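Written out below as C-alpha cells is the structure these notes cover.
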Amino acid sequence: MTGIDKKAARRSPFLAPLAALVLTAAAAAFWQTPARSAEDAVVIPPPAVDEKAAGGTETAIFAGGCFWGVQGVFQHVKGVSKAVSGYTGGSAENAVYETVGTGRTGHAESVEITYDPSKVTYGQLLQVYFSVAHNPTQLNYQGPDQGTQYRSTIFAENDEQKKVAERYIAQLDKAKVFAKPIVTTLETGKTFYPAEDYHQDFLTLNPTYPYIVYNDLSKIENLKSLFPKLYTEKPVLVLASSKS
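Counting with our numbering, you get residues 91 to 334 for the letters of the sequence shown.
Next comes the structure, spelled out in C-alpha cells:
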C-alpha cells in the first residue's frame, strides 16, 4: 500500500477495498454533476483589523484538516506565490506522514503560504481560511478526518498575525456567522516541515480521486464564487516550481 492508499483507507475505510471501482464511478459522476462536499462554505465579513499592506513576501501557516484541500484552495489565491503541504507543531524527527498520523506527535497537517501582502493581506487569507478552506467549529477533526493532527489551528508567525487572528475570531464569534463557536487555536513559535512529495499538489494532480471529489473540489468552486477578485484559475504548483 502506498502512502496515499493508507491515507485514503484511514480517512474513509469503506473506500479502500473498492478504490478502483469508486474512483471510476466518482469520476463519471463528477463530470455530470456539480462538485459537492461534506462542508458548505460560509459567507463571512472581512476582518475589521488587518495587517498593514507592505511589499516583499510574507508567510502564513494554517491547519484545517487534510492538507490536500487547504493547499488546493490557497494555490488558487491571487498574490500567493507558493502553498506547501506539511506538518507544524511537533519536532523535525517526527515530521513524517505515518508518524504524524498517530496523532501523538503534536503536529497538525498544515499549509505554509508564501504571499505578497500588497496583493493579498493576511486578513484576506484568514477570511478564505475560515469561509472556504475548512470548518473552524470542528474540534480536533475535519469531516471524516479524526485526531489532533487535523485540528483547526493558526500558526502565527509574529505578533501582528496573532493580533489580527485573535481579533478576527472574536469578531466572527460576536457576529454569530457560524452555528457553533469557533474552536480554532493559535500557536506561536512552531516550525513548519514540508510533507512528502506525493502529498504536494494532490488536489490538482488527482481531481477525480474520491476523497478529493467529495471533500475538496467544491472548495475551489466556492473560492471562485465568493472571492472572485482573489481567485486565479491557474494554481501555483509546488512540484512545478521545484523543477524549474
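Every residue, glycine too, gets a C-beta built ideally from N, C-alpha and C. Note that this is a predicted model, so its numbers are computed, not measured.
Can you tell me which of the three DSSP states residue i falls into?
i      : result
Tyr205 : strand
Ala285 : coil
Ala138 : coil
Val167 : strand
Thr185 : As written in the sequence, residue 185 is Ala, which differs from the Thr given in the question. Reduced to three states, the DSSP call for Ala185 is coil.
Tyr177 : strand
Leu320 : coil
Asp249 : helix
Could you compute how far the alpha carbon of residue i sits from the alpha carbon of residue j?
i      : j      : result
Asp249 : Lys172 : 22 Å
Phe157 : Lys319 : 24 Å
Leu262 : Asp291 : 30 Å
Tyr187 : Glu286 : 8 Å
Val174 : Gln228 : 23 Å
Phe282 : Thr294 : 22 Å
Pro276 : Pro325 : Note on identity: in this sequence residue 276 is Leu, with Pro being the wrong assignment. Approximately 28 Å between the Cα atoms of the pair.
Tyr240 : His289 : 15 Å
Ala198 : Asp206 : 25 Å
Ile302 : Val267 : 26 Å
Gly208 : Ser200 : It is Ser, not Gly, that sits at residue 208 in the sequence shown. The alpha-carbon atoms of Ser208 and Ser200 are separated by roughly 24 Å.
Glu311 : Ala144 : 29 Å
Gly237 : Gly155 : 9 Å
Pro297 : Thr322 : 17 Å
If we count the other Cβ atoms within 10 Å of its Cβ and call it buried at 16 or more, is residue i buried or exposed?
i      : result
Val133 : exposed
Ser315 : exposed
Ala150 : buried
Pro271 : exposed
Thr278 : exposed
Leu335 : Only positions 91 to 334 of the chain appear in the structure, and residue 335 is not among them; the question remains open.
Gly146 : exposed
Glu202 : buried
Output needed for residue i: all residues of its chain with C-beta closer than 8 Å, excluding positions within five of it in sequence on either side, in chain order.
i      : result
Lys309 : Ser127, Ala131, Gly159, Gly162, Val163, Val222 and Ala223
Val218 : Val163, Phe164, Val167, Leu313, Phe317 and Leu320
Gln251 : Glu141, Ala150, Tyr212 and Ile244
Ala269 : Thr227
By DSSP's criteria, residue i is part of a beta bridge. Which residues make up the other side?
i      : result
Gly154 : Ser242
Lys172 : Thr204
Leu216 : None; Leu216 has no bridge partner.
Leu276 : Ile244
Thr149 : Thr204
Gln236 : Tyr231
Quick one: residues in its chain with C-beta nearer than 6 Å to the C-beta of residue i, no 5 flanking neighbours on either side, listed in chain order?
i      : result
Lys280 : Thr178, Gly179 and Phe245
Ala119 : Because the pLDDT of Ala119 is 40, which lies under 50, any placement of that residue in the model is unreliable, and the number read from its coordinates should be weighed accordingly. Once the five neighbours on either side are set aside, Ala119 has no close Cβ partner at all.
Asn230 : Thr238 and Arg241
Let me see if you follow: with CB-CB separation under 9 Å, is residue i close to chain D or not?
i      : result
Ser221 : Protein chains in the displayed structure number just one, and chain D is not present.
Near residue i, what residues of its chain come up, given a Cβ to Cβ distance below 7 Å and the 5 sequence neighbours on each side ignored?
i      : result
Ile259 : Ile272 and Thr274
Tyr195 : Checking the displayed sequence, the identity of residue 195 turns out to be Thr instead of Tyr. Gly180, Asn184 and Thr189.
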